[in-house]
Every structure is written in structure tokens, then in C-alpha cells.
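Asker: Below: one structure in C-alpha cells.
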């Protein structure tokens with residue numbers, strides 16, 4: 070158990086709909102990263118939040134958005150869903166080291182999204 | 002730009018054989034981090050190891066060992082005396098530091114190697 074939780078585990082929805090994926094990082098971790106895993110694209114970085122602020126964006130569609138709340142949990146919102154959005158969505162968290170040494174990212178179990 | 006290549010898409014061996022998973026990376030950074038993650042059939046991503054660019058020491062953890070060679074930009078992973086439970090997809094990944102937050106930027110993943118250990 071990595072200590073990172075994601076809900077829901079599975080989500081089945083229809084094209085055109087909107088869903089929200091939730092992630093709770095490990096206790097004390099300020100950074101939350103979102104990744105998408107699909108068969109054709111592999112594991113792709115979507116977005117990084119640090120202590121409530123957006124830090125970096127990757128290959129994230131305009132239909133997707135995210136935020137990190139004061140309690141550090143994060144939500145990924147996917148709207149106007151298309152068949153191609155079906156994928157496994159992971160969040161990961163990492164702690165900031167006061168010694169300046171980077172600590173690894175620990176991943177949640179993922180949310181499997183199926184768009185029908 | 003950063004890039005990770007795992008040329009072996011699938012490997013299948015018989016239990017107790019040794020197996021090496023290759024990883025080649027590209028980066029222009031002088032400081033970077035390399036990782037291996039395991040994704041078993043259950044789907045979660047399990048962290049195995051991190052290696053910093055300034056530390057070229059090889060590492061051994063039980064049946065697992067890692068060979069980091071900056072001269073060839075490779076970070077290979079060897080499983081000795083493989084077991085059925087080692088069957089999984091293994092990902093090599095690369096990251097660069099984000100000094101302003103004393104953390105790191107995104108992980109750039111290779112395409113993964115599916116390892117099947119047959120009894």
C-alpha cells in the first residue's frame with residue numbers, strides 16, 4: 070500500500086459526460102501528479118500540483134482540468150468525454166525533502182475509466 | 002527533451018532463469034533521476050528504485066540488481082533466479098529536479114517491458 074488513495078476504482082460512463090476523479094496524497098506530501106495510461110500512448114504525464122498551485126502541465130486536453138485543495142487532495146475533472154479518453158488514470162505524490170534530495174513518486178491504485 | 006527507451010516489448014523466461022531488462026535514456030540535464038516501477042497484473046504501479054545521476058554505484062536488493070552506466074546512458078535491471086511472482090510490466094522512468102520546490106518534475110516513462118515468468 071503506497072498510502073496514496075484514489076476514488077473511484079472503476080468508472081463507466083457515456084460519451085459527452087463529465088466525471089471527477091479524486092486523489093488523496095500520502096500524509097505530508099505536497100506534490101500531486103496526474104498520469105494517464107492508455108494502450109496506444111503508454112504512461113503520459115498530465116499535470117502537477119504543488120501545495121495548491123499548478124506547477125506544470127503535460128499532454129492534458131483542454132477538456133480536462135484539475136485542482137488541489139487546501140487539504141492537499143486533488144481532483145481531475147474530465148468533460149465532454151470521448152471514447153478515446155478510456156484509460157487508467159493515476160495520481161502520484163511525493164514529499165519535498167529539506168535536504169534537497171528528491172524523493173520518489175508513490176502512485177495510487179488508479180481509476181479505470183471506460184467511456185461507452 | 003527527455004526520452005526513455007525500453008526496446009524489449011516482451012520477455013518470456015522459465016522460472017529460475019536470470020533476466021535483464023534494458024533501459025536507455027536521453028537527457029541534456031547534468032542532474033537527473035532514474036527509476037524503475039513494477040506494474041503487476043493488478044494494475045498498481047510499485048516503486049522499485051531511484052538512482053541519482055551523480056551516483057553510479059550499482060545496487061542490489063535481494064534478487065534484484067541495477068546497473069547504471071552514464072557512459073552508455075543505460076540503467077538496466079536484472080532479476081536473478083526469477084519467480085512467477087515477478088511476472089509484470091516493468092517501467093523505466095526519468096525525471097529532472099525542480100529546485101524551487103526541492104522536488105522534481107514529471108516522470109517520463111519508457112513504453113514498458115512485459116515480463117512473463119513461466120513455471
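Chains as they are written, first to last, in this note's numbering: chain A, 70 to 185; chain B, 2 to 120. Yeah, the Cβ is synthetic: ideal placement off N, Cα and C, and Gly gets one too.
#1: Residue 130 of chain A CB to nearest chain B CB: under 8 Å?
#2: Less than 8 Å between CB atoms is the rule here; does residue 174 of chain A satisfy it with respect to chain B?
#3: Quick check on DSSP: helix, strand or coil for residue 73 of chain B?
#4: Give a yes or no on whether the C-beta atoms belonging to residue 5 of chain B and residue 40 of chain B are separated by under 8 Å.
#5: Using a Cβ-Cβ cutoff of less than 6 Å, which residues in the same chain neighbour residue 113 of chain A once the five nearest sequence positions on both sides are dropped?
#6: Can you name, in chain order, every residue of its own chain whose Cβ lies under 8 Å from the Cβ of residue 99 of chain B, other than the five neighbours on each side?
#7: Between the alpha carbons of residue 52 of chain B and residue 66 of chain B, how many angstroms are there, rounded?
#8: Can you tell me the Cβ-Cβ gap for residue 138 of chain A and residue 115 of chain A, rounded? I've got them flagged as a contact below 8 Å.
#9: DSSP three-state call for residue 148 of chain A: helix, strand or coil?
#10: Between residue 91 of chain A and residue 3 of chain B, what straight-line distance do the alpha-carbon atoms span, to the nearest angstrom?
#11: For residue 73 of chain A versus residue 147 of chain A, is the C-beta spacing smaller than 8 Å?
#12: List, in order along the chain, the chain B residues whose C-beta lies closer than 8 Å to that of residue 145 of chain A?
#13: Give me, in chain order, the residues of the same chain whose beta-carbon lies closer than 6 Å to that of residue 81 of chain B; leave out the 5 immediate sequence neighbours on both sides.
#14: State the Cα-Cα distance for the pair residue 78 of chain A and residue 156 of chain A, rounded to the nearest angstrom.
#15: Determine the closest residue to residue 135 of chain A out of A:183, A:153, A:152 and A:158, with distance taken between C-alpha atoms.
#16: Sort A:143, A:163 and A:82 by Cα distance to residue 97 of chain A and report the nearest one.
Answerer: Inspection of the coordinates gives the following:
#1: No, residue 130 of chain A lies away from the interface with chain B (no Cβ there is under 8 Å from its Cβ).
#2: Residue 174 of chain A belongs to the set of residues whose beta carbon lies under 8 Å from a beta carbon in chain B.
#3: The answer is helix: DSSP assigns residue 73 of chain B an H, G or I state.
#4: Contact: no.
#5: Here residue 113 of chain A has 105 and 128 as same chain residues with Cβ atoms under 6 Å from its own Cβ, once five neighbours each way along the sequence are excluded.
#6: Once the five neighbours on either side are set aside, the close Cβ partners of residue 99 of chain B are 105 and 106.
#7: Note on geometry: alpha-carbon atoms of residue 52 of chain B and residue 66 of chain B lie some 12 Å from one another.
#8: Separation of the CB atoms of residue 138 of chain A and residue 115 of chain A is rounded to 17 Å, and the pair is thereby denied contact status at 8 Å.
#9: In the structure shown, residue 148 of chain A sits in coil (DSSP, three-state: anything other than H, G, I, E or B).
#10: Cα to Cα, residue 91 of chain A sits roughly 29 Å from residue 3 of chain B.
#11: Not closer than 8 Å, so no.
#12: Neighbours of residue 145 of chain A in chain B, taken as residues whose beta carbon is under 8 Å from its own, are absent, since the nearest beta carbon is some 15 Å off.
#13: In its chain, beyond the 5 residues on either side, 19 and 64 have a beta carbon closer than 6 Å to the beta carbon of residue 81 of chain B.
#14: Their backbone Cα atoms lie some 12 Å apart in a straight line.
#15: Restricting attention to A:183, A:153, A:152 and A:158, the CA atom closest to the CA of residue 135 of chain A is found in A:158.
#16: Among A:143, A:163 and A:82, the Cα nearest to that of residue 97 of chain A belongs to A:163.
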